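Beneath this line is the structure, given in structure tokens, with notes to follow.
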Amino acid sequence: MNKINIIIFEKKSVRFFNFTISKIVFYFIIIAFLFSIISTIYFVFFNSRYLLAKQKISVLAFENKKLKEDLTIVKSQLDTLNSKLKELAELDAQIRIAANLELMPKDLRAMGYGGASENELLASVDNLIERAKLQEKSFRELKRFLEQQTQLINHTPSIWPVAGFISSGYGYRKSPISNRKEFHEGLDIVAPAGTPIRATADGRVRSAGYKPGWGRYIEIDHGFGYITFYAHCQTIKVRVGDKVRRGDIIATVGKTGSATGNHLHYGIKVADNWVNPLNYIVTESALP
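So the sequence shown is numbered by the working numbering: it starts at 264 and just counts up by one.
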């Protein structure tokens, strides 16, 4: 049988429709229907993938644009940082020259920098970090040096120990006691009895007490090779081992020991050698 009979029933009008078609036509209709369904599914699927791909490309394009903008900002910030590091390196060099210190190697002070690509920017970041570390190390060295210099300044005798006037200077003189020529190791500063005597720099009391000839005396070790000596005192206000600061009252003027009148004998030793105290007094007058 090469024919197919198709009956369609219409419920509403209670009618029947009868069609007779050949099997070939029926199969053709079925194949066409299936092809139409498959084509529709294929179109919907690949069209969806196209739309998703297009949307993803759009997102990537936006992100790429944003990344370029961010890279531009980063490049600007790196340029600013590079400029600041150059200024710090110049300041570092100026301080080192003024302090008579060795400069950092030139190749380290001027390490390469540049480029706008991502890889070049990453290399620049690593470079700037390394330079910043070197600069930090250099400033730490300068800080230690300045602290040492501050310590040296604080421990270097530099003020008048008492308010008064010089009756005898450093060097050879005729002794008021023996009336013979002798070397005077310090300064004799005349002042009324009881006038405060002050430490001329930071240090520690090395010895204090009474010595024949010198009377009541104090010896202060300031470190860095400096020692100061105060003799003929009336009273002593410190003990051995006490720490003193520049300007602290350590004794009062008197005439103990071999002294013809109230005065302070003030001496300075540098590397265990007596030196002229006037070379270490930076204030203009012995008066307060």
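Even for Gly, the Cβ is constructed at its ideal location relative to N, Cα and C. Just so you know, these numbers come straight off a predicted model, no measurement behind them.
Note to self: Using CA atoms only, rank isn't needed, just tell me which of G457, N539 and A361 is closest to G432.
What the structure shows: Numbered from its first residue, the sequence shown carries residue 432 at position 169. Cα-wise, what sits closest to G432 is N539.
Which of helix, strand or coil DSSP assigns to S302
Along the sequence shown, one-based indexing puts residue 302 at 39. Three-state result, S302: helix.
Handout entry: Range covered by the beta strand (DSSP E) that runs through S430
Key = On the sequence shown, position 167 is the one that residue 430 refers to. S430 -> beta strand (DSSP E) spans F428 to S431.
| task | Would you mind working out which of P424, N363, E445 and I531 sits nearest L405, comparing C-alpha positions? | result | As a first step, residue 405 must be located in the sequence shown, where it is residue number 142. Checking every option, the nearest Cα to that of L405 belongs to N363.
Would T458 and A426 qualify as a contact pair, given that the criterion is a beta-carbon distance under 8 Å?
As a working mapping, residue 458 is identified with position 195 in the sequence shown. As a working mapping, residue 426 is identified with position 163 in the sequence shown. Going by C-beta atoms, T458 is nearer than 8 Å to A426.
- prompt: Exposed or buried, which one is Q398 when buried takes at least 16 other CB atoms within 10 Å?
  reply: Position 135 of the sequence shown, counted from the first residue, corresponds to residue 398. Flag for Q398 reads buried.
>> Could you pull the DSSP bridge partners for R436 from this structure?
In response: To locate residue 436, count along the sequence shown from 1; it is residue 173. For R436, which the question treats as bridged, DSSP gives the partners E445.
Can you check which of these residues, A454, I452, E482 and P475, is closest to G262 by C-alpha distance? Any question about residue 262 goes unanswered here, given that the chain covers just 264 to 551.
Next item on the list: Can you check DSSP and say which residues form a bridge with W537?
Entry: Mapped onto the sequence shown, residue 537 falls at position 274. Answer by DSSP bridge pairing, in chain order: K532.
- Query: How close, in whole Å, do the beta carbons of N525 and A454 come, if the pair is a contact with beta carbons under 8 Å?
  - Reply: On the sequence shown, residue 525 is found 262 positions in, with the first residue counted as 1. On the sequence shown, residue 454 is found 191 positions in, with the first residue counted as 1. The C-beta separation of N525 from A454 comes to about 7 Å, placing the pair in contact by the 8 Å criterion.
Notebook entry, point to check: Can you tell which of F487, S421, A522 and D511 has the C-alpha that lies nearest to the C-alpha of A534?
Noted result: On the sequence shown, residue 534 is found 271 positions in, with the first residue counted as 1. Closest in C-alpha terms to A534, from the list F487, S421, A522 and D511, comes F487.
Checklist entry - Between C496 and R469, is the Cβ-Cβ spacing less than 8 Å? => result Counting from one through the sequence shown, the residue named residue 496 turns up at place 233. Counting from one through the sequence shown, the residue named residue 469 turns up at place 206. Their beta carbons are not under 8 Å apart, which means C496 does not touch R469 by this criterion.
| task | Tell me whether Y570 is buried or exposed, calling it buried when 16 or more other Cβ atoms sit within 10 Å of its Cβ. | result | The requested residue 570 does not occur in the structure, where the chain is confined to residues 264 to 551.
For this session: State the start and end residues of the unbroken beta strand (DSSP E) segment that holds D511.
Result: The residue given as residue 511 occupies position 248 in the sequence shown. Segment: none, D511 is in no beta strand (DSSP E) and carries neither H nor E.
Checklist entry - Short check: CB of D355 to CB of F402, under 8 Å? => result Residue 355 sits at position 92 when you count from the first residue of the sequence shown. Residue 402 sits at position 139 when you count from the first residue of the sequence shown. The answer is yes: Cβ separation under 8 Å.
Our contact map puts A464 next to H485 with C-beta atoms below 8 Å; I'd like the distance itself, whole angstroms only.
The count along the sequence shown starts at 1 and reaches residue 464 at position 201. The count along the sequence shown starts at 1 and reaches residue 485 at position 222. Rounded, the Cβ-Cβ distance is 5 Å, consistent with contact.
So V468 is in the beta strand (DSSP E); what residue range does that whole segment cover?
Start at 1 with the first residue of the sequence shown, and residue 468 comes out as number 205. It spans G466 to K474 - the beta strand (DSSP E) in which V468 sits, taken as one unbroken run.
DSSP state of V453, grouped into three classes? Within the sequence shown, numbered from 1, the residue matching residue 453 stands at position 190. In this structure, V453 counts as strand in the three-state DSSP scheme.
Practice problem: Give the straight-line distance between the Cα atoms of G476 and E353, rounded to the nearest whole angstrom. | Solution: For the purposes of this step, residue 476 is taken as residue 213 along the sequence shown, with counting starting at 1. For the purposes of this step, residue 353 is taken as residue 90 along the sequence shown, with counting starting at 1. Rounded to the nearest angstrom, the two C-alpha atoms are 58 Å apart.
Can you say whether V507 is buried or exposed, counting buried as having 16 or more other CB atoms within 10 angstroms of its CB? As a first step, residue 507 is located in the sequence shown; it is residue number 244 there, counting from the start. Looking at its Cβ environment, which holds 16 or more other Cβ atoms inside 10 Å, V507 is buried.
According to DSSP, is V503 helix, strand or coil? In the sequence shown, residue 503 corresponds to position 240, counting from 1. Three-state DSSP puts V503 in coil, outside helix and strand.
Taking 8 Å as the threshold (C-beta atoms), are R394 and E348 in contact? Within the sequence shown, the letter at position 85 stands for residue 348. Within the sequence shown, the letter at position 131 stands for residue 394. A small correction: the amino acid at residue 348 is Leu; Glu does not occupy that position in the sequence shown. Yes. Within cutoff.
Exercise for the section: Determine which residues share a DSSP beta bridge with E365 and list them. Expected result: Stepping through the sequence shown from its first residue, residue 365 is reached at position 102. Answer by DSSP bridge pairing: none, since E365 is not bridged.
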